[in-house]
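So the protein sequences, as listed, match chains P and L. FYI, the numbering for the first sequence is 140 to 333, going by the working numbering. FYI, the numbering for the second sequence is 140 to 333, going by the working numbering. By construction, the Cβ of each residue, glycine as well, lies at the ideal position given by its N, Cα and C atoms. Below: the structure, in structure tokens.
2 protein chains.
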Amino acid sequence: MKDRYHHGDLRHDLIEHAIQIISENGFEQLTLRGAAKQCGVSHNAVYRHFESKEQLIDTCRMYVTELLTAYLEDAVKDQEPASPGTLRELSRAYVRFYLEHPTYFSSLYRNSPVKLQLTMEDTEENYPPFELFRKSCRSWAEARGRSDAECLDLLARTWSLAHGLTSLLISPNVEGTLDWEQCLDTAFLQETGV
Amino acid sequence: MKDRYHHGDLRHDLIEHAIQIISENGFEQLTLRGAAKQCGVSHNAVYRHFESKEQLIDTCRMYVTELLTAYLEDAVKDQEPASPGTLRELSRAYVRFYLEHPTYFSSLYRNSPVKLQLTMEDTEENYPPFELFRKSCRSWAEARGRSDAECLDLLARTWSLAHGLTSLLISPNVEGTLDWEQCLDTAFLQETGV
DNA sequence: CGTCGAATGTTGACAGTGGCAACATCGGGT
DNA sequence: ACCCGATGTTGCCACTGTCAACATTCGACG
Numbered sequence: 140m141k142d143r144y145h146h147g148d149l150r151h152d153l154i155e156h157a158i159q160i161i162s163e164n165g166f167e168q169l170t171l172r173g174a175a176k177q178c179g180v181s182h183n184a185v186y187r188h189f190e191s192k193e194q195l196i197d198t199c200r201m202y203v204t205e206l207l208t209a210y211l212e213d214a215v216k217d218q219e220p221a222s223p224g225t226l227r228e229l230s231r232a233y234v235r236f237y238l239e240h241p242t243y244f245s246s247l248y249r250n251s252p253v254k255l256q257l258t259m260e261d262t263e264e265n266y267p268p269f270e271l272f273r274k275s276c277r278s279w280a281e282a283r284g285r286s287d288a289e290c291l292d293l294l295a296r297t298w299s300l301a302h303g304l305t306s307l308l309i310s311p312n313v314e315g316t317l318d319w320e321q322c323l324d325t326a327f328l329q330e331t332g333v
Numbered sequence: 140m141k142d143r144y145h146h147g148d149l150r151h152d153l154i155e156h157a158i159q160i161i162s163e164n165g166f167e168q169l170t171l172r173g174a175a176k177q178c179g180v181s182h183n184a185v186y187r188h189f190e191s192k193e194q195l196i197d198t199c200r201m202y203v204t205e206l207l208t209a210y211l212e213d214a215v216k217d218q219e220p221a222s223p224g225t226l227r228e229l230s231r232a233y234v235r236f237y238l239e240h241p242t243y244f245s246s247l248y249r250n251s252p253v254k255l256q257l258t259m260e261d262t263e264e265n266y267p268p269f270e271l272f273r274k275s276c277r278s279w280a281e282a283r284g285r286s287d288a289e290c291l292d293l294l295a296r297t298w299s300l301a302h303g304l305t306s307l308l309i310s311p312n313v314e315g316t317l318d319w320e321q322c323l324d325t326a327f328l329q330e331t332g333v
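Below you can see the structure in the form of structure tokens.
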């Protein structure tokens, strides 16, 4: 296995193993030395590819963000952008993603390093999953002649509900069962009146 | 200052300083040795009062939970339990509390060690702030002859919205301003139709 | 093909962390 | 007056992230 001095693609391998550790053992278990060992490499090799542990984590975060974004996009690929169903499917997919990958949740939002633009103007930099929600809100609002303020309000409520519902469902100490899809349905029923 | 061998009430002092460190410098900065030094005491003295760092944190969590609970109770002390306003005031107070003490948020919900009972039956052990929401939901639902399922649904949506909105507002990388009280108003308007 | 610099890995060290064990000091009940 | 338990201290350990110095390999250029 470890017959060469050089690893080949250590950077990639490190990310893979880091993600796997987070995914299997939780975020707190991620260790530079542990990840390095799993890659069959000595601890300081990490620093040839990442400046610090935090930067490795950032990279993992980006990776997970891409997974989530793709997951969300796939969930609404057949929807009319301005239909009421799009926003609901986005919310559902958001919750579902973290139910399938619970350990990603804390790693992504720890210290909330995610950039969110709470405005309806287009901006260059925004957290991509949030951007999907924002665009969907705008499509929906524009098709109905709603103001920017109403739209922003809708965006905040939708995102908060999806995010809050997720953190509620993810929590390891929650007992009882909740029909969370029904929850979202109720909310969107109230919203759209349909 | 440090003329006596024994501290007097080290346990209490440790909690105070730990809370202060979390409050001022953020959760990650809390260190057993640091807190001990601030109390003018050598590092291992902590272990005469707490089994581990995690247990000290747990105790701080309880302290903050009591603060939050009192804050919530105070916010609705003049409300009719079954009035639509109660649930809204609870939500507002929940968000307001963490806007006033942002650093408490991550310390309370890190690893989500909070016990939540997602049922409408009375249980002995439940996270007190959540219990306030639950009781308020039940009062509201019973006064209107709603089913337990509808009530649980309301509870989940209300809690999720408050919690999600908070985490959205707390996030250090959020730009733009949001009228979060209006957000809550909209949601409760949809809910109650009033 | 040979050489040399840049990229990549390794070893060793350091300070800081949580936690354990053994010892020191105090204070209250007999 | 004594002594035992509660409380604090010192010293140590394994582990962590990070830095510096050294080793190996790859690839571009002659």
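Going by Cα to Cα distance, which pick from L:Lys254, L:Leu294, L:Gln194 and L:Ser246 is closest to L:Leu229? L:Leu294
Is it the case that the Cβ atoms of P:Thr98 and P:Gln218 are separated by a distance below 9 angstroms? Look at the range of chain P in this structure, 140 to 333, and you will see that residue 98 of chain P is not part of it.
Run through the DSSP bridge pairs and tell me what P:Glu314 is partnered with. L:Gln256
What whole-angstrom Cβ distance do P:Ile154 and P:Tyr186 have, given they're in contact under 8 angstroms? The Cβ separation is near 15 angstroms, so there is no contact.
So that I know if they touch, is there some Cβ in chain P lying closer than 9 angstroms to that of L:Ala288? yes
Which residues in chain L have a C-beta closer than 8 angstroms to the C-beta of P:Glu330? List them in chain order. Gln329
Cβ of L:Ser278 within 9 angstroms of Cβ of P:Leu304? no
Name the residue from L:Glu193, L:Ser162 and L:Leu171 whose alpha carbon lies nearest to the alpha carbon of L:Asn183. L:Leu171
Quick check for students: name the residue ranges of the alpha helix (DSSP H) that lie wholly in the segment 145-173 of chain P, counting only runs of 4 or more. 149-164
Any 3 or more C-beta pairs closer than 8 angstroms across the segment 267-281 of chain L and the segment 190-202 of chain L: no
List the residues of chain P whose Cβ lies closer than 9 angstroms to the Cβ of L:Ser306, in chain order. Tyr248, Ser251, Ser299, His302, Gly303 and Ser306
Under 7 angstroms from the C-beta of L:Gln256: neighbouring residues of chain P: Glu314 and Gly315
Cβ of L:Pro267 less than 9 angstroms from any chain P Cβ? no
Taking the alpha-carbon positions, what's the P:Val253 to L:Gly284 distance? 42 angstroms
Quick check: is the beta carbon of P:Met140 nearer than 9 angstroms to any beta carbon in chain L? Residue placement at P:Met140 is flagged as unreliable, the pLDDT there being 41, under the threshold of 50; a coordinate-derived value is accordingly withheld.
Cβ of L:Ala232 less than 9 angstroms from any chain P Cβ? no
Helix, strand or coil for P:Ala184 per DSSP? helix
Could you compute how far the alpha carbon of L:Tyr237 sits from the alpha carbon of L:Ser246? 11 angstroms
Are L:Pro220 and L:Thr331 close, meaning C-beta to C-beta below 9 angstroms? no
So for L:Arg231, helix, strand or coil by DSSP? helix
Compute the distance between the beta-carbons of P:Leu195 and P:Ala174, then report whether it is under 9 angstroms. yes
In this structure, does DSSP put P:Glu190 in helix, strand or coil? coil
The alpha helix (DSSP H) that contains L:Thr331, what's its start and end? Trp319 to Thr331
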